[in-house]
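Q: I'd like to ask some things about the structure below.
Numbering (this note's numbering), first residue to last: 1 to 209.
Shown next, in the form of structure tokens:
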């Protein structure tokens, strides 16, 4: 018995049984879920209706994530699955689905920020910079370029909660793509009210344990 996506096998809203109008059809078929796990990239190509292709990701460990307030996107490593509104089992098994809340590596975003604003981000005051980082932040610049950076620095304000996350090296993000259909786990970094909401949810789910 294949997986079917028809509706005629269900009872009516009143509880009455429906008669079978026809046998199963190819256009009513369903396929097993991808259950994309966290691990080295493995994607299968599935031929679907109309000769089109779906990319069934079985394992993924990276994705493109957008930092909305700074309007930049960087490819980064997925570290962990921390929350899923639909099912806690998907967190335990580290399954990647659309709208999963995950932790991603903050390094690509921190490197961009420090190069763009010439300001350190997510570092303790006592922490020493490496020679390469020192070169980027405290580089000798002409007065014209220095003026440009000064103007940028006026707008370089970051949410305190986000800055805390940069200190840990992990950012909370949400998956916006469907890994089982497009073979990618892309999404966006959580900020503002949305970040506060999910931080509360994660905290309460940990308390429940």
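From the three backbone atoms N, C-alpha and C, an ideal C-beta is built for every residue, glycine too.
Roughly how far, in whole angstroms, is the beta-carbon of residue 46 from the beta-carbon of residue 59, given that I think they are within contact range, below 8 Å?
A: Within the chain shown, numbered from 1, the residue matching residue 46 stands at position 46. Within the chain shown, numbered from 1, the residue matching residue 59 stands at position 59. About 16 Å separates the two Cβ atoms, so there is no contact after all.
Q: Locate the beta strand (DSSP E) running through residue 59, then write down its first and last residues.
A: Indexing the chain shown from 1 puts residue 59 at position 59. Looking at the DSSP string, the run of the beta strand (DSSP E) that includes residue 59 is 53-60.
Q: On the DSSP bridge list, what partners appear for residue 75?
A: Here residue 75 refers to the residue found at position 75 when the chain shown is read from its first residue. Answer is 64, bridged to residue 75.
Q: Can you give me the start and stop residues for the beta strand (DSSP E) that residue 44 sits inside?
A: Counted from its first residue, the chain shown places residue 44 at position 44. For residue 44, the enclosing beta strand (DSSP E) stretches over residues 42-47.
Q: Under a three-way DSSP split, which group does residue 170 fall into?
A: Locating residue 170 in the chain shown gives position 170, where the first residue counts as 1. Residue state, collapsed to three classes: strand.
Q: Based on DSSP bridge pairs, tell me the residues matched to residue 36.
A: Along the chain shown, read from residue 1 onward, the residue named residue 36 stands at position 36. Residue 36 is not bridged to any residue.
Q: Please state whether the Cβ-Cβ distance between residue 119 and residue 153 is less than 8 Å.
A: Translated into the one-based positions of the chain shown, residue 119 becomes position 119. Translated into the one-based positions of the chain shown, residue 153 becomes position 153. Yes, these two residues count as a Cβ contact at 8 Å.
Q: Just the Cα atoms here: how many angstroms apart are residue 156 and residue 8?
A: Within the chain shown, numbered from 1, the residue matching residue 156 stands at position 156. Within the chain shown, numbered from 1, the residue matching residue 8 stands at position 8. Cα to Cα, residue 156 sits roughly 58 Å from residue 8.
Q: Give the secondary structure of residue 14 by DSSP, where H, G and I count as helix, E and B as strand, and everything else as coil.
A: Here residue 14 refers to the residue found at position 14 of the chain shown. If DSSP states are grouped into helix, strand and coil, residue 14 belongs with coil.
Q: Note down, in chain order, each residue of its chain lying with its Cβ closer than 7 Å to the Cβ of residue 44, except the 5 sequence neighbours on either side.
A: Counting from one through the chain shown, the residue named residue 44 turns up at place 44. Hits under 7 Å: 56, 58.
Q: In three-state DSSP terms, what is residue 205?
A: Sequence index remark: in the chain shown, residue 205 carries index 205 (1-based). DSSP places residue 205 in helix when its eight states are reduced to three.
Q: Excluding the 5 residues flanking residue 163 on each side, which residues of the same chain have their C-beta closer than 8 Å to its C-beta?
A: Within the chain shown, numbered from 1, the residue matching residue 163 stands at position 163. Correct list, in chain order: 121, 122.
Q: Mind pulling the beta strand (DSSP E) runs of 3 or more residues that sit fully within the segment 84-119?
A: 101-105
Q: Among residues of its own chain, excluding the 5 on either side of residue 80, which ones have a beta-carbon nearer than 6 Å to its beta-carbon?
A: Counted from its first residue, the chain shown places residue 80 at position 80. These residues qualify, in order along the chain: 103.
Q: Please determine, among 105, 84, 181, the residue with the shortest C-alpha to C-alpha distance to residue 202.
A: Start at 1 with the first residue of the chain shown, and residue 202 comes out as number 202. The candidate whose alpha carbon is nearest that of residue 202 is 84.
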